[in-house]
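J.:
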Amino acid sequence: MTELAAKYSAQSVEDKWYAYWLKNKFFHSEPNEKEPYTIVIPPPNVTGILHMGHVLNNTLNDVLIRKARMDGKNACWVPGTDHASIATESKVVAKLKAQGISKEDIGREEFLRHAWEWKEEHGGIILQQLRRLGCSCDWDRTRFTMEPALSEAVINTFVYFYRKGWIYKGVRMVNWDPEALTAVSDDEVIHRDTKSHFYHLKYYISDGNGNPTDDYLVIATTRPETIMADAAICVNPKDERHFHLHGKKVLIPLINREIPVIEDDYVEMDFGTGCLKVTPAHDVHDYEIGLRHNLPVLEIIDDHGKLNEKAQILVGEDRFVARKKITKMLEESGNLLKVEEYISPVGYSERTDAVIEPKLSAQWFLKMDKLASMALETVESGRTKFIPEKYVNTYRHWMENARDWCISRQLWWGQRIPAYYLPDGSFVVAPSAEEALKEAQAKNPSIKAEDLRQDEDVLDTWFSSWLWPISVFDPQMPGHPDHTPNKDLQYYYPTSDLVTGPDIIFFWVARMIMAGEEFMGREPFSNVYFTGIVRDKIGRKMSKTLGNSPNPLDLIDTYGADAVRIGMLLCSSAGNDIFYDEAQIKQGAAFCNKIWNSYRLVKGFTVAEDAVQTPAAREAVDWFTAKLSATVALVEDHYSKFRISDALMTIYKLFWDDYCSWYLEAIKPAFVDGKALPMDKATYDATLDFFEALLKLIHPVMPFITEELWQDIVPRKDGETIMYAPSPKAGEFSAKTLDDFAFAAETVNGVRGVRNQRNIGPKVQLKLQVKAASLPFCNIVGKIANADIEPVPEFTSTTGVGFMVRTTEMFVVLDAAGVNVEEEIAKAEKDLEYQKKFLQGVRSKLSNERFVANAPAAVIENERKKEADSLSKIESLEAKLKQLKNN
RNA sequence: GAGGGCUUAGCUCAGUUGGUUUAGAGCGCUUGCUUGACAGGCAAGAGGUCGGCAGUUCAAAUCUGCCAGUCCUCACCA
Numbered sequence: 000m001t002e003l004a005a006k007y008s009a010q011s012v013e014d015k016w017y018a019y020w021l022k023n024k025f026f027h028s029e030p031n032e033k034e035p036y037t038i039v040i041p042p043p044n045v046t047g048i049l050h051m052g053h054v055l056n057n058t059l060n061d062v063l064i065r066k067a068r069m070d071g072k073n074a075c076w077v078p079g080t081d082h083a084s085i086a087t088e089s090k091v092v093a094k095l096k097a098q099g100i101s102k103e104d105i106g107r108e109e110f111l112r113h114a115w116e117w118k119e120e121h122g123g124i125i126l127q128q129l130r131r132l133g134c135s136c137d138w139d140r141t142r143f144t145m146e147p148a149l150s151e152a153v154i155n156t157f158v159y160f161y162r163k164g165w166i167y168k169g170v171r172m173v174n175w176d177p178e179a180l181t182a183v184s185d186d187e188v189i190h191r192d193t194k195s196h197f198y199h200l201k202y203y204i205s206d207g208n209g210n211p212t213d214d215y216l217v218i219a220t221t222r223p224e225t226i227m228a229d230a231a232i233c234v235n236p237k238d239e240r241h242f243h244l245h246g247k248k249v250l251i252p253l254i255n256r257e258i259p260v261i262e263d264d265y266v267e268m269d270f271g272t273g274c275l276k277v278t279p280a281h282d283v284h285d286y287e288i289g290l291r292h293n294l295p296v297l298e299i300i301d302d303h304g305k306l307n308e309k310a311q312i313l314v315g316e317d318r319f320v321a322r323k324k325i326t327k328m329l330e331e332s333g334n335l336l337k338v339e340e341y342i343s344p345v346g347y348s349e350r351t352d353a354v355i356e357p358k359l360s361a362q363w364f365l366k367m368d369k370l371a372s373m374a375l376e377t378v379e380s381g382r383t384k385f386i387p388e389k390y391v392n393t394y395r396h397w398m399e400n401a402r403d404w405c406i407s408r409q410l411w412w413g414q415r416i417p418a419y420y421l422p423d424g425s426f427v428v429a430p431s432a433e434e435a436l437k438e439a440q441a442k443n444p445s446i447k448a449e450d451l452r453q454d455e456d457v458l459d460t461w462f463s464s465w466l467w468p469i470s471v472f473d474p475q476m477p478g479h480p481d482h483t484p485n486k487d488l489q490y491y492y493p494t495s496d497l498v499t500g501p502d503i504i505f506f507w508v509a510r511m512i513m514a515g516e517e518f519m520g521r522e523p524f525s526n527v528y529f530t531g532i533v534r535d536k537i538g539r540k541m542s543k544t545l546g547n548s549p550n551p552l553d554l555i556d557t558y559g560a561d562a563v564r565i566g567m568l569l570c571s572s573a574g575n576d577i578f579y580d581e582a583q584i585k586q587g588a589a590f591c592n593k594i595w596n597s598y599r600l601v602k603g604f605t606v607a608e609d610a611v612q613t614p615a616a617r618e619a620v621d622w623f624t625a626k627l628s629a630t631v632a633l634v635e636d637h638y639s640k641f642r643i644s645d646a647l648m649t650i651y652k653l654f655w656d657d658y659c660s661w662y663l664e665a666i667k668p669a670f671v672d673g674k675a676l677p678m679d680k681a682t683y684d685a686t687l688d689f690f691e692a693l694l695k696l697i698h699p700v701m702p703f704i705t706e707e708l709w710q711d712i713v714p715r716k717d718g719e720t721i722m723y724a725p726s727p728k729a730g731e732f733s734a735k736t737l738d739d740f741a742f743a744a745e746t747v748n749g750v751r752g753v754r755n756q757r758n759i760g761p762k763v764q765l766k767l768q769v770k771a772a773s774l775p776f777c778n779i780v781g782k783i784a785n786a787d788i789e790p791v792p793e794f795t796s797t798t799g800v801g802f803m804v805r806t807t808e809m810f811v812v813l814d815a816a817g818v819n820v821e822e823e824i825a826k827a828e829k830d831l832e833y834q835k836k837f838l839q840g841v842r843s844k845l846s847n848e849r850f851v852a853n854a855p856a857a858v859i860e861n862e863r864k865k866e867a868d869s870l871s872k873i874e875s876l877e878a879k880l881k882q883l884k885n886n
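Our numbering numbers the first residue of the first sequence as 0 and each following residue consecutively.
1. Tell me which residues share the same chain as MET722 and place their Cβ nearer than 8 Å to its Cβ, disregarding the 5 neighbours each side in the sequence.
2. Run the CB neighbour count on TYR833, radius 10 Å, all protein chains shown included, and call it buried at 16 or more, exposed below.
3. In the DSSP assignment, what are the bridge partners of CYS233?
4. Per DSSP, what kind of secondary structure is GLU13 in: helix, strand or coil?
5. Helix, strand or coil, according to DSSP, for CYS897 in the structure here?
6. Can you find the residues in the same chain that come closer than 7 Å, C-beta to C-beta, to GLY817, ignoring five residues on each side of it along the sequence?
7. Who are the near neighbours of LYS90 in its chain, counting only those whose CB is closer than 6 Å to its CB and skipping five residues on each side?
8. Which partner residues does VAL170 have in the DSSP bridge list?
9. For the candidate residues LEU696, VAL533 and LEU737, whose alpha-carbon lies nearest to that of SER726?
10. Would you give the residue range spanned by the beta strand (DSSP E) that CYS75 belongs to?
11. Pair every Cβ in the stretch 330-340 with every Cβ in the stretch 162-177, then say whether three or more of these pairs are closer than 8 Å.
12. Does DSSP classify GLN586 as helix, strand or coil?
13. Are the beta-carbon atoms belonging to ILE666 and ALA619 less than 7 Å from one another?
14. Does DSSP put HIS121 in a helix, a strand or coil?
15. Round the Cβ separation of ILE532 and GLY500 to the nearest angstrom and send it over; I've been treating them as touching at under 8 Å.
16. Using 8 Å as the cut-off, can you tell me whether the stretch 196-206 makes contact with the stretch 215-225, which would need three or more C-beta pairs spanning the two stretches below that distance?
17. Could you round the C-beta distance between GLU298 and ALA321 to whole angstroms and report it? I think they count as a contact, below 8 Å.
18. Write down the C-beta distance between PHE472 and LEU488 rounded to the nearest angstrom, noting that I regard them as a contact closer than 8 Å.
19. When DSSP labels each residue in this structure, what does TYR341 get in the three-state scheme?
20. Do the CB positions of TYR683 and PHE623 come within less than 7 Å of each other?
21. In three-state terms, what does DSSP make of LEU250?
22. Quick one: Cα of VAL188 to Cα of TYR347, how far?
23. Smallest Cα separation from ILE504: which of ASP14, ALA5, PRO41 and HIS27?
24. Just to confirm the assignment, what range does the alpha helix (DSSP H) spanning ILE85 have?
25. Determine the direct distance from the alpha carbon of GLN768 to that of ALA856, and round the result to whole angstroms.
26. Indicate the three-state DSSP secondary structure (helix, strand or coil) for CYS659 in the structure shown.
27. For the alpha helix (DSSP H) that contains GLU298, what are its first and last residues?
28. Count the other CB atoms within 10 Å of the CB of PRO236; is the residue buried (16 or more) or exposed (fewer)?
29. Check MET268 in the structure and name its three-state DSSP category.
30. Keeping to the same chain, check which residues put their C-beta closer than 8 Å to that of ASN56; ignore five residues upstream and five downstream.
31. If you check the beta carbons only, do LEU838 and SER871 fall under 7 Å apart?
32. Excluding sequence positions up to five away, which residues of its chain have a Cβ less than 7 Å from the Cβ of ARG599?
33. Does the beta-carbon of ASP738 have 16 or more other beta-carbons within 10 angstroms, so that it is buried, or is it exposed?
34. Just checking, does the stretch 395-415 make contact with the stretch 358-368 on the three C-beta pairs under 8 Å criterion?
35. Going by DSSP, what residue range makes up the beta strand (DSSP E) through LEU568?
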């Protein structure tokens, strides 16, 4: 780099260094004698594309991994993707549909061939995009949840839990998505208040022979199309209004089927009419009532949400069409008493937005009780820490109320359940068809391979991703707790930190903890850092439909990856939602430019062997040495507590304010005859050392620009990188040095204030009298404030502007013309008034006996110092006023 | 309905077991600077009775209770 442009342009720099890092395999990790630092990526959907949430999450991951690397640890970040069965399958189905193909037509094998094709074509784009962001993943370790080895792990896990007796097949009410034709978990159902109607229907009481009497009861329902499936009418046993109904039978309207009136506490007396129609096949609660009362279950809605022949009427109609039609029929038959407008919560499928149909279905379940209590202990004991801690509450609530996990999905894209049915309807569970056959033959020796039929369903995607921290290292481990972990697993497990969103605490985090405890006997990670959700400026979730989500790659093109990274992180504290604003990225870009230009300045310095270090430069080097140490210590503290944005802001200010605005200004050589004087070598070397330390500090967040400049400070050999440069360490430093400098800086600010107030340009040299024996860092003050510093016992001039730094009086000497006495008096009076009030406050505290008796000595001491300082200020203000008024 | 979180400057947030906090930062805003690295810059400045009320304490942004607003999770009332 010979010429440096006045503006930093990221494009030319980023691709170059990423290629260099890859070429040198800097991201790759193998077990060695060093301490491991491990992160497994939250695997994005294989068909996903990068959005702002990924940017936030992966930048955080990369910051942690790069920091660990520079701290001397063996850092390993394992990347990969998730097969995401529902999301991927629905994309493939949509693609085939566009070609006029339905998945049922082509069958399982053919469909899967299309799906794999799609995966090869579109899959893993997101991993390429992560490279643009600068993520230092160990790409040689890239995994996919449905690659053969990991699928095998999933199957083994299933067999393991089945043999343990924790997996069972059960008929359960599931949330059926009639569009995706699959059961979805409770967690994938979104309840939304929806406008509907409350239909009040008359059910005539039967005379006992299936004929209606004149007497009737009224039920209120939102789903009149399900009356044909009614199994009973239920009333509260305490409800006096319905005592006369006990033991009676009523007739279902239109079809006149007789059903009993039963009594159950479940029915609220003051809701609706107090009479509930019980439809066990199509409502969760009704199903449970049905179980209690041994009611028959009659399913009248098919998988597509259409009425079947058991409904007797409206057969083949869609449930919503049927609702309209039956309303009319009920009206005509005189059974419809009234219709009310009604808003009720309705469940929608997260994927297809179809209204969920409660449906009885044979599903596979994994018992949660033991796993959940184990996983709760992991977090409550602190073996895994949550950041922020508040999510422990959420976690506990879930773990204590965990229901058995429905692990089967009616999909094809995923690991197929290894259950094989015999012709007699019984089944065996085995890791392969061959073993299944053996087991089946043990039951019945005449069974042949072609007699066995494998379960059609696949496993929930989370049933593979919960193994992720184990299976990425050793896929043989899950399902085989007796297996000796391979070298990788032994070395990298448990992983160090996990960065993810709080929305998947239960889906993923909790289940990984369960699997970790079950198969490894310990937690899968030490810390879980929860990010917030990235929202737009006005707080809306980012979504495709709203179009409020910027494309991260466009942002990277415009501002550079470093700018995007630091822009996202500066405003994101753990667990809080991020309100994204492009202004933050611009701030990041401005910071890149600032770093770039500070380097241009430093690079432009010339050095002369015989040049002598100026006193200001000497002071500046001493001060910045201390400042750097103090800041490194602070940054380390922030990192250790996962206060990432605080750590970054601290470095940001160190670079911009302390290094650029103070340090560089203090050492900048003077100009003589339009040329900068050369600098002494000691200052120059120190300046470069500081710059390098700053680059290293900020490198984890801004990897590209720091590599670019680090490579230029001195010529580096091929294979050298800032990535492995050791993090700056905090040395000893004197707090007094820092405090003295702060005092000096306040002095400079005071002079600047006078300049501003009086409109005196920075090039006008001023004279500053200081009522003290000496002024710390007076050469820096003199240089930056452009003033002659004169320590004096008493001010010698009567014209000028005074100010105070803490308790020291200072005076900028001006000629009379530059001074507005009235203004000075007004200002002094205002200060005086404030000080007197302040003193009063302090004194009332000190005169409070109970305060003096109870407060710790240090606090009292501090109050006394405040009192003394205030008194001294009042004294000098009064003197000043007197003098001003006398003139 | 049950549980939990949040509420501090115009915006986004710190404030680390109550006491150097006379409440801070970044951005934004106002004013002045074409200062030999940077106008993506430099300097100065304005902005808050810490959501409200009550309590505990010598001392409350910080602890407790109630209220209001807001968000999330779980369950969903036929």
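A virtual CB, placed ideally from N, CA and C, is assigned to each residue, including glycine. If you're wondering where the values come from, they're calculated on a predicted model, not measured in any experiment.
T.: The structure says:
1. Indexing the first sequence from 1 puts residue 722 at position 723. Hits under 8 Å: TRP20, PHE25, ARG65, ARG68, MET69, SER135, HIS698, PRO702 and GLU706.
2. For this step, residue 833 is matched to residue 834 along the first sequence. It counts as exposed.
3. Indexing the first sequence from 1 puts residue 233 at position 234. In DSSP, CYS233 forms a bridge with ILE261 and LEU275.
4. As a position in the first sequence, residue 13 is number 14, starting the count at 1. Helix, per DSSP.
5. Residue 897 is absent from the structure shown; the chain starts at 0 and stops at 886.
6. Here residue 817 refers to the residue found at position 818 of the first sequence. Once the five neighbours on either side are set aside, the close Cβ partners of GLY817 are ARG757.
7. For the purposes of this step, residue 90 is identified with residue 91 of the first sequence, where counting begins at 1. The answer, listed in chain order, is THR46.
8. Within the first sequence, the letter at position 171 stands for residue 170. Answer is ALA361.
9. Here residue 726 corresponds to residue number 727 of the first sequence, with the count starting at 1. The option with the nearest alpha carbon to SER726 is LEU696.
10. Residue 75 sits at position 76 when you count from the first residue of the first sequence. 73-77 is the extent of the beta strand (DSSP E) around CYS75.
11. no
12. Numbered from its first residue, the first sequence carries residue 586 at position 587. GLN586 falls in the helix class under three-state DSSP.
13. In the first sequence, residue 666 corresponds to position 667, counting from 1. In the first sequence, residue 619 corresponds to position 620, counting from 1. The answer is yes: Cβ separation under 7 Å.
14. Locating residue 121 in the first sequence gives position 122, where the first residue counts as 1. Here HIS121 sits in helix by DSSP.
15. In the first sequence, counting from the first residue as 1, residue 532 sits at position 533. In the first sequence, counting from the first residue as 1, residue 500 sits at position 501. ILE532 to GLY500, Cβ: 7 Å. Contact.
16. yes
17. Locating residue 298 in the first sequence gives position 299, counting from the first residue. Locating residue 321 in the first sequence gives position 322, counting from the first residue. Not a contact, Cβ separation roughly 14 Å.
18. Residue mapping note: residue 472 aligns to position 473 of the first sequence, counting from 1. Residue mapping note: residue 488 aligns to position 489 of the first sequence, counting from 1. The pair is a contact, with the Cβ atoms about 4 Å apart (cut-off 8 Å).
19. Along the first sequence, one-based indexing puts residue 341 at 342. TYR341: strand per DSSP, three-state reduction.
20. Residue numbering aside, residue 683 sits at position 684 when the first sequence is read from its first letter. Residue numbering aside, residue 623 sits at position 624 when the first sequence is read from its first letter. No, the pair does not count as a contact, with Cβ atoms beyond the cut-off.
21. If you number the first sequence from 1, residue 250 lands on position 251. Note: LEU250 maps to strand in three-state DSSP.
22. Residue numbering aside, residue 188 sits at position 189 when the first sequence is read from its first letter. Residue numbering aside, residue 347 sits at position 348 when the first sequence is read from its first letter. The straight-line gap from Cα to Cα measures roughly 5 Å.
23. Your numbering for residue 504 matches position 505 in the first sequence. Comparing Cα-Cα distances from ILE504 to each of ASP14, ALA5, PRO41 and HIS27, the minimum goes to PRO41.
24. Start at 1 with the first residue of the first sequence, and residue 85 comes out as number 86. From DSSP, the alpha helix (DSSP H) with ILE85 extends over 84-97.
25. As a working mapping, residue 856 is identified with position 857 in the first sequence. As a working mapping, residue 768 is identified with position 769 in the first sequence. Rounded to whole angstroms, ALA856 to GLN768 spans 37 Å at the Cα level.
26. Within the first sequence, the letter at position 660 stands for residue 659. Looking at CYS659 - three-state DSSP - the assignment turns out to be helix.
27. Within the first sequence, residue 298 is the residue found at index 299, counting from 1. Careful: GLU298 lies outside any alpha helix (DSSP H) and carries neither H nor E.
28. Within the first sequence, the letter at position 237 stands for residue 236. PRO236 comes out exposed.
29. As a first step, residue 268 is located in the first sequence; it is residue number 269 there, counting from the start. If DSSP states are grouped into helix, strand and coil, MET268 belongs with coil.
30. For the purposes of this step, residue 56 is taken as residue 57 along the first sequence, with counting starting at 1. If we look at ASN56 and ignore the five residues flanking it on each side, its Cβ neighbours are PRO41, VAL498, THR499, GLY500 and THR530.
31. One-based indexing of the first sequence puts residue 838 at position 839. One-based indexing of the first sequence puts residue 871 at position 872. Not closer than 7 Å, so no.
32. Sequence index remark: in the first sequence, residue 599 carries index 600 (1-based). Around ARG599: LEU3.
33. As a first step, residue 738 is located in the first sequence; it is residue number 739 there, counting from the start. Per the 10 Å Cβ criterion, exposed.
34. yes
35. Residue 568 sits at position 569 when you count from the first residue of the first sequence. Here LEU568 belongs to no beta strand (DSSP E); instead the alpha helix (DSSP H) covers 560-569.
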